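In what follows, a single structure is set out as structure tokens and then discussed.
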Amino acid sequence: MTRDARTIRAPFLAALALIGTLLVWHLVGLVLFTSGFLLQRVELTRTSSCTTPPSATWSIPTPPRGAVEGQAEALRAWDAALTDAQECTLPPRFRRAVVWIVDALRYDFLAQATPGTSPAPDAYMHNILQTPFQVTQHQPRSSFLAHFVAHPPTTTLQRLKGLTTGSLPTFIEAGANFGGAGRVQEDTWIAQVRGHPAAKNLSFVGDDTWQMVFADLFDEVVPYSSFNVEDLDTVDAGVQAHFQERLQRDDWTLLIAHSLGVDHVGHRFGPSHARMPPKLSQMDDMVQMVLNTLQDDTLFVLLGDHGMDATGDHGGDSELEIGSALWMHANKPFEATASRWSRPAKMNDLTLDPDVQTLLSIGTPTPSFQPFSTLPLAPFEHGHRSLPQIDLVPTMSLLMGVPIPFNNLGAIIPEIFTSQASPLGASDSRLLRALRINARQVKTYLDEYVQHATDLQPFAHEWANAWATALQAEAAFATHPSADTAQAAAGAYLLFIRLALDRAQSVWATFEYARIALGLAVLFTAWIVTWQWWRASTVEATVALARRATRGCVRGSAVGVPLGLVARYVVGVSWLEGVAACTALATIVATCFTRSAVQVPCTTPRVSTIVACLVLGVHAMLFASNSFTMWEDRITLALVAAILLVRAIQGLGAPLPRWQQRMPLLALGALILLRVAGMSRVCREEQAPYCQPSFYARSTSTMFADNPAYALSGPATNSKYAIGMAYLVAFGTADALRRLLMPSQAHLGSSATLLQWFIRPAMLGAAGYWLADWVQGWEQWDDATRDSFFTLKVWVARLVFLVLGGGMVYWVLSPLSLSVLREPSANGGQPRVMILGFGNTFGSAFLGALTIVYAWLFLVSQPMGQLALTACLVSLVLLAELGDHERDAQVLLNAKVKEASSQTEAQPQAEAPSNESAAKPTRQAPTLLEVACIMLLGFVAFFATGHQATLSAIQWRVAFVGMRSVTYPWSPLFVTLNAFGPLAFLPVLGVALLTLWNMAPHRVTADAPHPIPMRLIKEVLHGLLGALAYMSTLSLSTAVWALFFRRHLMLFKIWVPRFMTAALGLFCADLSALLAIGCVWILARHVHKVFGTTFT
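Just so we're aligned, residue 1 is where the sequence shown starts under full-length UniProt numbering, counting upward by one.
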């Protein structure tokens, strides 16, 4: 390797090392903070057990004297007596059970939607799956239909845990839903059925998440992939076939099915779409098929694990996302003893049973009746019968005659255990016995939990009082049995269970403050070092800065590793976490105090720097308010608009007349493009009614579009107008970019080839993919035609992969967009040779790399996002041109101020156009205000491409671009690019473009055989450090304010998703900076080969 090659390599390796070090520090800080802040709640692996078989009757012990009066000593003795005589379950009401989970089965899909009301029923989803409601109307004592409320986050894994363990989910587990983790270690009612001596075969068919979570519980498992949202029918067909085969046999105890078609239609098209009615009709036919083969000893349970919002997404806690449905049915009444129906017909509804009404009228923290916005008319006076999903757990356990799972916090469903023959007050009341068993199980769990964790201890006194009240009421019933005393005892038990649920839900995650503190310390000190390096990079050579950082890391590691081993015993973290945290902290601190050979001058900050810090401070402080955080999309657009207006006004005072015209036009052009991009948006639930979404097509075919619940979005289908515009944009973007390269004459070289023969075909193919995707969804197609369009769009995407792959190879081999012009000499001598594009050698070449990244993002963005992304890209190039003019103007102004002492030698220009002056040593690096403007552009692009800092805004459908099913690692990569490409990759690469724009190399000439080495990587590193400082400031701010509001009601709805967005955005920004340096290194090697330029 030659000496020049080693000289070129050194500064780039140093820059990569610096950014890589920041990446490691950021990862350590974020992982530590996340593991402490979003820790899973304490999971107890203890299981419930029964030492005595259930009995048909049970006699209550005699309470000690003073228990009725509530004397403490007597209540303790009474509690001990009840514990000794306590039942652990009831005799089984059913010998077998069929549990069918229809993924995303929303409550209004089952309940009746009355025509002629406002809002009007939607013909696409209402009154189609009618069998459950109709059967309930005709057989009210053997059917139960309810609004089934899911605890957020409403992702499938969390809901399966809640539906089987009766415990509450935690937010961090949402990531496990898509990563292959999350096996249930806690006690479940399925495991209890499995352990019952009379249990036969346990079978499952459907969503393969069950296989991951309950791998050892089933004798027969027929799994189907759960992430292929393009496939609407395969899983449902498998469930139907399994039902038909299994229900004819008698060698099974439990049959669980989990179909996905409704959920996939929602994700693919939204609920209000022509593809939904056939799917709901299919579900209705399958319900009728099950009912036709259902035997008298079998319980049928139909339920949804969660709902879906107006775009078919879920994950959050909006009314439509948590509002699933539950329907329980048996051929005979739920009560074990057949009773005479002596009451009026309207009283046959289980919810109107007097005993049930008494319990539901108790003022518990969990409402028993709720409204549902898409169903204005409720079947009961106070609304729709509503209950938490975890209530299914104790209900199923006691119906099947097994103990309630140890960690359960749900309450039995009173309607299922009420009896006309043995109402409350009877000695063998099944309802009171069930509540007594249920409450005792919850009490046992709480007593065990507080021994392993401290988060519930503040409520121990409140629970003790509620339990004492229940014991006192039970003693009164044992002393004077009557309907009143029995109702009081049952109500006290139910209140205790609901109180436990409410208090546990308020602290559903345990905070590990040691990890949180270590994580914040690493993030904060890394943030300080980032700003230090940003300042030092203007005066200190990149290699010297990297050497100084290396010395600090070596010294810090020598101290941090031993401290980390000690931290394991001091603060209770693992040795790996302790070593990582202490090493990171020590290296950062050591780096801070490692002295530089070059002193950074302490000067008064420039006005632009002060303004940029103010803008960054305003952005970071948004997260101190939930309202400002919710409206971040509009605030960031306003911030970038204000900056561009100020820059436009400043341009009017430029020293040259042509700059006075161009600079305001460039700023206003960028502003207009960003405002146009900002017209594309999706809305958060909290922004109603002041937000009008435009990202997806809006349905106006029914009055249902006016429903308040749908005010924030339309169906999840793309607009045909956006698809058509995307085609025009795909064709014209290459010409627009070439036009922007014309002033520097860089539009004739390799840039023209790359744009015309790689970028344009790839963009046209990307637009064609979404066109085929839209056409595939037309309801008039048969299955064969749809499959043809599906195959077409998959292969179109794969052709785009091939084209972009070729474009990447072409750029790496020939990135410089230069062309040679020979002009004949007037006197017949040697012709004059001009290198066109020389003055923008680096900028035009790097723009080629940026357009390749943009084309990838264009492919994985939906049509409206493609339009917004293109507007942001063109705006980015305009800002690069504007920044170059501003820096040239500043250099000229400085020259006029110091005219007497600032005479500089002009670079030879005999063989290059006049714009080679950009290579003068007086060139300035981009200001922090320019960098802040580019980073704000990234936020505008993020929101304009259909994103918000919410789980439900994740566009999972892009995981299947070019794929027939989930394919690792491409599917997660495409989802990541879709979300964080506009937020991190585009702006960070844009900052590098800003630095390189109109930068020309220093050439070897006869007059300058050894040109001055270029400070290329130094300026690029300076800009990238400014971008990372911006992103790390936001990450640190979101972490601090999430911690500050850790007990706020909206923590997991607002601050936690925003922190997760900031954390992932920072990580992607670090990767983008490494990518930018790698691309610049490739350019530098080609420039050195052509012009002999050296770099430092």
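Think of the CB as a built atom: it goes at the ideal place given N, C-alpha and C, for glycine as much as any other residue.
Values in this document were obtained by computation on a predicted structure and should not be read as measured data.
Residue i CB to nearest heavy atom of the ligand MN below 7 Å
| i | result |
| --- | --- |
| Asp236 | This structure lacks the ligand MN; in fact it carries no ligand of any kind. |
From the options, residue whose alpha carbon lies closest to that of residue i
| i | options | result |
| --- | --- | --- |
| Phe731 | Cys683, Leu867, Gln112 and Thr62 | Leu867 |
| His151 | Ser48, Asp317 and Ser142 | Asp317 |
| Thr479 | Gly519, Gly425 and Gln457 | Gly425 |
| Phe1044 | Pro987, Ile362, Tyr513 and His147 | Tyr513 |
| Arg535 | Thr995, His1048, Ala746 and Leu928 | Leu928 |
| Leu847 | Asp782, Leu983 and Leu989 | Leu989 |
| Ser324 | Thr542, Trp467, Thr154 and Arg436 | Thr154 |
| Arg96 | Ala215, Arg246 and Gln185 | Arg246 |
| Ile390 | His382, Phe406 and Gly383 | Phe406 |
| Trp189 | Arg1047, Phe939 and Pro403 | Pro403 |
| Phe939 | Gly669, Leu983 and Ala979 | Leu983 |
| Gly401 | Arg249, Ala466, Ser422 and Arg194 | Arg194 |
| Phe380 | Phe369, Ser373 and Pro388 | Phe369 |
| Asn292 | Gly1023, Val221, Gln244 and Ile954 | Gln244 |
Per-residue burial, residue i [other beta carbons within 10 Å of its own, 16 or more giving buried]
| i | result |
| --- | --- |
| Asp633 | buried |
| Lys1089 | exposed |
| Ser59 | exposed |
| Ile1017 | buried |
| Arg739 | exposed |
| Cys592 | exposed |
| Arg93 | buried |
| Lys720 | exposed |
| Arg595 | exposed |
| Trp778 | exposed |
| Trp341 | Unreliable placement is indicated for Trp341, whose pLDDT of 40 sits below 50; no coordinate value is reported for it. |
| Ala198 | exposed |
| Ser750 | buried |
| Asp251 | exposed |
| Ala14 | buried |
| Trp575 | exposed |
| Lys896 | exposed |
Whole-Å CB distance - residue i paired with residue j, under 8 Å assumed
| i | j | result |
| --- | --- | --- |
| Ala1063 | Phe37 | That belief does not hold up - the Cβ atoms of Ala1063 and Phe37 are roughly 11 Å apart, past 8 Å. |
| Trp997 | Glu823 | That pair is no contact at about 27 Å. |
| Phe1059 | Ala1039 | 6 Å |
| residue 1153 | Ala486 | For the chain, the structure presents residues 1 to 1096; residue 1153 sits outside this window and is missing. |
| Leu232 | Leu217 | With a Cβ gap of about 28 Å, Leu232 and Leu217 do not count as contacting. |
| Pro91 | Ala146 | 25 Å between Cβ atoms; not a contact. |
| Leu471 | Asp187 | Rounded, the Cβ-Cβ distance is 25 Å, inconsistent with contact. |
| Ala22 | Ala526 | The sequence shown places Leu at residue 22, not Ala. Right, the Cβ-Cβ distance comes to about 7 Å (below 8 Å), so this counts as a contact. |
| residue 1097 | Trp327 | As displayed, the chain neither begins before 1 nor continues past 1096, which places residue 1097 out of reach and without an answer. |
| Leu666 | Leu878 | 5 Å |
| Ser875 | Leu673 | 4 Å |
At least three beta-carbon pairs within less than 8 Å, the segment 854–866 to the segment 753–767: yes
Contact between the segment 792–801 and the segment 839–854 (3+ Cβ pairs under 8 Å): no
Complete alpha helix (DSSP H) runs within the segment 306–387 (minimum length 4 residues, chain order): 319–322 and 354–360
Touching by the beta-carbon criterion (3+ pairs, under 8 Å), the segment 1079–1093 and the segment 644–654: no
Inter-stretch contact (C-beta, 8 Å, three-pair minimum) for the segment 270–286 and the segment 231–245: yes
contact_flag[the segment 926–944, the segment 1016–1036] where n(CB pairs < 8 Å) is 3 or more: yes
Segment contact flag, the segment 846–854 with the segment 962–970, C-beta cutoff 8 Å, min 3 pairs: no
The segment 56–75 in contact with the segment 406–417 per 3-pair CB rule at 8 Å: no
Three-pair Cβ contact test at 8 Å for the segment 653–660 versus the segment 882–897: yes
Whole runs of the alpha helix (DSSP H) within the segment 112–190, excluding any shorter than 4 residues: 131–138, 156–165 and 173–176
Ordered list of beta strand (DSSP E) runs contained in the segment 972–1016, each at least 3 residues: none
Stretch-stretch touch, CB-based, cutoff 8 Å, three pairs: the segment 555–566 with the segment 494–502: no
In chain order, each beta strand (DSSP E) run of at least 3 residues that lies wholly inside the segment 68–108: 96–102
Sequence ranges, alpha helix (DSSP H) only - wholly within the segment 202–264, length at least 4: 209–213 and 234–246
Given 8 Å, three or more beta-carbon pairs between the segment 80–89 and the segment 429–447: yes
Contact between the segment 768–787 and the segment 260–279 (3+ Cβ pairs under 8 Å): yes
Cβ contact check for the segment 944–955 and the segment 782–792: 3 or more pairs under 8 Å: no
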